[in-house]
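Residues -6 to 359 in our numbering are what the sequence shown spells out, letter by letter.
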Amino acid sequence: MHILVTGAAGFIGTHVLAELLARGHEVRALDSLRPDVHRDGSPWQVVRGVEALIGDVRDRELVARAVKGVDAVIHLAAKVGLGVDIADMPDYASSNDVGTAELLVGMAEEGVSRLTLASSMVVYGEGFATCPEHGAVRPAPRRARDLAAGHFEPPCPHCGRPLASGLVGEDTPADPRNAYATSKLAQEFYAANWARATGGSVAMMRYHNVYGPGMPRDTPYAGVASIFTSALRRGEAPKVFEDGNQRRDFIHVGDIAAATVLACERHGEGVGAYNVGSGTPRTVGEMALALSRALGGPAPVVTGQYRLGDVRHITADSSRLRRELGWHPRVSFEKGMAEFAGLHPRTDAAPQAAGAGMKRAMTGGA
Ligand code: UD1
């Protein structure tokens, strides 16, 4: 197929591009090289054989050129991360939602009917959890005063008892808890509206926590694996927020790229949402320890800090993707983290004994 990839110069985009080329597709790549992501301003090294366009998906004229003659679009261009503060809201709405709306207009005008959209697990909020008395419940947003007091687990909204969290399926109702999550959910709805109006198809890929080669470093939008390796590289202990027991599903970017390309090739009808996770949730504390050991760095420190927009646990049930599209993750947590640590060697020579466990420090808002 001839495929347009937006956000092609980004972390996930680079891997998607490579996967598409390896599978014999013809690729056109579009990226605005956002200065908050591409901070060093170095030129885009585009792979030979790929037609590259530099510009913003909100530019209607550029989008018209970008979609010309393609069979499908993989839309990755977005402002990512949790956001630094409330003033980021308009940029999320504009970059992610206006950008998607403009792209959909361009696709409709050109008659391009296949879309694969990068969405996120954050659309579920706290997902659902099980109360021993009330069964499956939706945890309420965590209160700042509970977090400040070190009560990190969201309680049952009916009786306040502790909850057991479960794997969220794609039909779990959405409950976005921050501007990024809200913008991702809006993208999904715009895409579904477009699909209904035009007869197009959309695969909405709800990515879990992605890590691997090329992951953004040292920006406010860097993911936790990258933040921890950067700290370890400086010889500092990774700072683990809350009590370190918050669960995530860390998935290698190569597996994400494979899932995205399979969805582009195989999801041909209607609107489909797919969770994309490894299926083996880990705590943030476990991840910090794995990286610290792999790099021979200082033991992680549990700080008790928190970010109000964070959800406690996000863990996906990705069986639909396996069942319907035949995708299987290939990189295990152990192998992926060891490889990731190897990509970030320490700059100072003296290795320190990796801690047998984690240390505790002060508490407070992050
Ligand atoms: C991440 C992605 C988001 C994606 C989502 C899908 C990033 C920046 N965010 O959000 O785009 O949609 O996964 O599930 O990649 N933490 C620490 N210490 C730190 C920084 C963070 O302990 O120095 C903790 C946070 O409190 C949180 C966890 O690590 O509990 C993950 O944080 P982060 O990497 O920012 O990702 P998410 O918020 O899960």
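Built from N, CA and C at the ideal position, the CB exists for glycine as well. Predicted model only: the values in this text are computed from it and were never measured.
Asked                                                                                                                        : Found
Length of the line joining the Cα atoms of residue 311 and residue 200                                                       : 10 Å
Residues near residue 90 in its chain [Cβ-Cβ closer than 8 Å; skip 5 each side]                                              : 176, 179, 180 and 183
Residue 215 versus residue 30 - alpha carbon distance                                                                        : 9 Å
For residue 277, the nearest candidate out of 219, 265, 288 and 317 (CA to CA)                                               : 219
Endpoints, beta strand (DSSP E) assigned at residue 267                                                                      : 264 to 269
Reduced DSSP secondary structure (H/G/I, E/B, other) of residue 327                                                          : helix
Rounded distance between the beta-carbons of residue 261 and residue 107, thought under 8 Å                                  : 7 Å
Burial state of residue 194 (16 or more Cβ within 10 Å)                                                                      : buried
Residue 361 vs residue 237 beta-carbon contact at 7 Å                                                                        : Only positions -6 to 359 of the chain appear in the structure, and residue 361 is not among them; the question remains open.
Given residue 126 as reference, the closest of 109, 145 and 153 once Cα atoms are compared                                   : 153
Reduced DSSP secondary structure (H/G/I, E/B, other) of residue 180                                                          : helix
Residue 187 versus residue 144 - alpha carbon distance                                                                       : 42 Å
Limits of the alpha helix (DSSP H) - the one that residue 152 falls within                                                   : Taken as a continuous stretch (DSSP letters only), residue 152 belongs to no alpha helix (DSSP H), as it is neither H nor E.
Near the ligand UD1: residue 114 beta-carbon under 6 Å from a heavy atom                                                     : yes
Reduced DSSP secondary structure (H/G/I, E/B, other) of residue 88                                                           : helix
Residue 98 to residue 40 span [Cα, whole Å]                                                                                  : 28 Å
Residues of its chain near residue 321, where Cβ-Cβ distance is below 7 Å and the 5 sequence neighbours each way are ignored : 315
C-alpha gap between residue 283 and residue 232, whole angstroms                                                             : 14 Å
Helix, strand or coil at residue 44 according to DSSP, with G and I counted as helix                                         : strand
Closest by C-alpha distance to residue 255, when choosing among 103, 269 and 244                                             : 269
Residues near residue 65 by beta carbon distance below 6 Å, same chain, minus five either side                               : -6, -4, 107 and 257
Nearest to residue 329 (by Cα), restricted to the options 293, 38, 280 and 10                                                : 280
Backbone CA spacing between residue 8 and residue 222 [nearest angstrom]                                                     : 20 Å
Whether residue 85 touches residue 204 by CB criterion (7 Å)                                                                 : no
Whole-angstrom distance between residue 272 and residue 198, CA atom to CA atom                                              : 15 Å
Secondary structure, alpha helix (DSSP H): runs of 4+ residues fully inside the segment 218 to 289                           : 246 to 259 and 277 to 287
Rounded separation between residue 50 and residue 217 - CA only                                                              : 28 Å
beta-carbon residue 8 near the ligand MG non-hydrogen atom, thresh 6 Å                                                       : This structure lacks the ligand MG; its bound ligands are the ligand UD1.
Beta-carbon proximity of residue 293 to residue 242, cut-off 7 Å                                                             : no
Whole runs of the alpha helix (DSSP H) within the segment -2 to 66, excluding any shorter than 4 residues                    : 4 to 15 and 53 to 60
Residue 333 Cβ short of 6 Å to the ligand UD1 heavy atom set                                                                 : no
Residue 37 beta carbon less than 7 Å from that of residue 11                                                                 : no
Buried or exposed (CB count within 10 angstroms, at least 16 for buried), residue 343                                        : Residue placement at residue 343 cannot be trusted, given a pLDDT of 37 that sits under 50; what the coordinates show is reported in the next sentence. Its Cβ having fewer than 16 others within 10 Å, residue 343 is exposed.
Burial state of residue 68 (16 or more Cβ within 10 Å)                                                                       : buried
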